[in-house]
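Structure record follows, encoded as structure tokens.
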Amino acid sequence: MTIHTSSRQDSQLSNGIAPIAGASQELVDVLQKIVRNAGALLDVDNCSVALLDDGGSSLVTLAALQKQGRRPRHTRFQQNEGVAGWVAEHREPLIINDVSRDPRFKRLGRSPISSMVCVPLFDKEEFIGTLTASSPEKAAFDERKLRMLIIFSEQAVLAFVNARQAEISQHQADQLEMLISLSQSITTRLQADDLYRTILLNVRRLVPAQSIVIYADQQRSQLLRPVAEISDEEGVACSQEACAASVKIGGLRGESININSSTSLEAWAALHRHPMLSAPEQGQQDADGATETGATSAKMAIPLVSKEIVYGVLVLQRPNAFTSEE
């Protein structure tokens, strides 16, 4: 591994959105422990971890320590922007002996910084982020400290990956338990209203959404008619009693949908018997740059099929896009 030593400056970081999708508080806590230990290893007060975002285009700082325990605001920056961005682009460690002579450095806070060290983080051979430390003293990092940080970073990645895999396994176990519970509940519900309520409440637990609607297939009229709905403004978790009270059955205001409609996601899902997704779209802008219409919601349409017969469609909506896992 090549070591690049410089006497120049850190990043063109722009204020960003913290934490990246999928980074739970438990995983952030693991990263926070990593930066504490890295700081103790190098005897410095400033250390941070940035991970590649879901799109793989930018780094997001998820854990950081500063002098007297202050934590800086999260930052997002593109690869090859700044010290961490340079390391992300070149996949090589970097030492900066004097940041005042390095154009890649940009001061983000008030903490005095004179030298820096940054190493790439790899999960097997896949780049996932960077680990950076800084010091108010010039030339505070030599090749010995760099080797120490590289060895530490390899162990740190193992700790983080193991924590992430454990969390994923627990999440999948919880989903499986929920699906089994849902299946058992459905088979014991003989009345349509009870069945609709059970489906809506359990689907809401599986996939957060602002609105979930069940459309029944009226085969004779070739229409999908809304028969049950659960909705709120925030799409957040609620108590069982509150959620149950928000379920509406019968007399819904939504219009019926022709199953042969070429513009309806619900119709396409029913006609092709396949789940359909649509991403949220921003409204059109006029000549002055003003938005004429608001952003549309993301939508997921799932056909309700048994023994090749379509009984209806389950439709979920929310502002942010649905994932393939969901």
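Residue numbers (the numbering used here): 782 to 1107.
Where a beta carbon is used, it is the ideal one built from N, C-alpha and C, also for glycine.
The criterion of a C-beta distance shorter than 7 Å is not satisfied by A1060 and V1094. Taking C-alpha positions only, E948 is separated from L1085 by approximately 31 Å. Three or more beta-carbon pairs separated by less than 8 Å are not found between the segment 894-911 and the segment 954-961, which leaves the two stretches without contact. Look at the segment 978-1004 and you find these whole runs of beta strand (DSSP E), each 3 residues long or longer: 992-999. Under DSSP, V1094 shares a beta bridge with Y996, P1084. For the pair A940 and N878, the CB atoms are not nearer than the 7 Å cut-off. Considering only Y1092, S1087, S1078, the residue with the shortest C-alpha distance to N1101 is S1078. Contact annotation: the segment 832-847 does not touch the segment 972-983, with fewer than three C-beta pairs closer than 8 Å. According to the DSSP assignment, Q860 belongs to no alpha helix (DSSP H), since it is labelled neither H nor E.
For I876, the enclosing beta strand (DSSP E) covers residues 875-877.
Within the same chain, and ignoring the five residues on either side of Q813 in sequence, the residues whose Cβ sits closer than 6 Å to its Cβ are A844. Remark: C-beta atoms of L1005 and I1030 do not approach each other more closely than 7 Å.
Assigned with DSSP and collapsed to three states, T968 falls in helix. Going by beta carbons, V811 and V830 fall outside the 7 Å limit. Ranked by Cα distance from S1087, the first of D998, S1043, F922 is D998. Annotated as proximal: V938 and L902, with beta-carbon spacing under 7 Å.
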